Amino acid sequence: MNRWSQVVLLFCLCLFAGKEATGNPLQPKADVELGKKIFETHCKVCHGVNGDGATFAANALNPPPRNFTTEKSRQELSPERMLTSVSGGREGTAMMPWAPVLSKLEIHSAVLYIRKMLMNLPE
Numbered sequence: 002m003n004r005w006s007q008v009v010l011l012f013c014l015c016l017f018a019g020k021e022a023t024g025n026p027l028q029p030k031a032d033v034e035l036g037k038k039i040f041e042t043h044c045k046v047c048h049g050v051n052g053d054g055a056t057f058a059a060n061a062l063n064p065p066p067r068n069f070t071t072e073k074s075r076q077e078l079s080p081e082r083m084l085t086s087v088s089g090g091r092e093g094t095a096m097m098p099w100a101p102v103l104s105k106l107e108i109h110s111a112v113l114y115i116r117k118m119l120m121n122l123p124e
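In our numbering, the protein residues as written are 2 to 124.
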């Protein structure tokens with residue numbers, strides 16, 4: 002292998018070495034049971050036990066909390082969008098940023114729980 006080929010090979014390795022794998026953006030260690038605990042502790046007050054947003058809090062919030070059980074939510078909410086919304090909150094809504102309160106693993110687990118158990122989506 003000549004010098005030029007080695008340089009090109011090294012460049013390609015460096016280029017792709019730092020690139021994250023595409024696919025499921027949820028952390029591999031994200032856990033549905035941990036997500037359920039987080040959801041029940043922090044999320045169900047607004048989003049409801051079943052994730053449908055049917056709560057007393059919904060009557061006072063404008064806009065109302067997201068109903069995760071609708072087809073519209075299944076189509077609109079990618080894992081990335083959900084992680085961003087939970088971590089940083091949603092401007093113009095009552096959705097607060099949870100990153101100062103929850104760990105990254107807890108946020109990923111809550112999103113995994115919502116997607117798998119409430120939205121009936123595959124991991």
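Virtual Cβ for every residue (Gly too), placed ideally from N, Cα, C. None of these values were measured; they are calculated from a predicted model.
For residue i, three-class secondary structure by DSSP
| i | result |
| --- | --- |
| N121 | coil |
| Q1 | This structure leaves residue 1 out entirely; the chain is present only between 2 and 124. |
| G93 | coil |
| A55 | coil |
| R67 | coil |
| S74 | helix |
| V33 | helix |
| V50 | coil |
| L106 | helix |
| P80 | helix |
| L113 | helix |
Backbone CA spacing between residue i and residue j [nearest angstrom]
| i | j | result |
| --- | --- | --- |
| N63 | V102 | 23 Å |
| E41 | M96 | 16 Å |
| K45 | A55 | 10 Å |
| S86 | E107 | 14 Å |
| V196 | A61 | With the chain covering only 2 through 124, there is no way to say anything about residue 196. |
| I115 | G93 | 22 Å |
| R75 | A59 | 20 Å |
| K73 | K30 | 28 Å |
C-beta atoms of residue i and residue j nearer than 9 Å
| i | j | result |
| --- | --- | --- |
| M120 | L78 | yes |
| P123 | E81 | no |
| G52 | F69 | yes |
| P66 | H48 | yes |
| K105 | Q28 | yes |
| I39 | S110 | yes |
Do the stretch 87 to 103 and the stretch 27 to 38 touch if we need at least three Cβ pairs shorter than 8 Å? no
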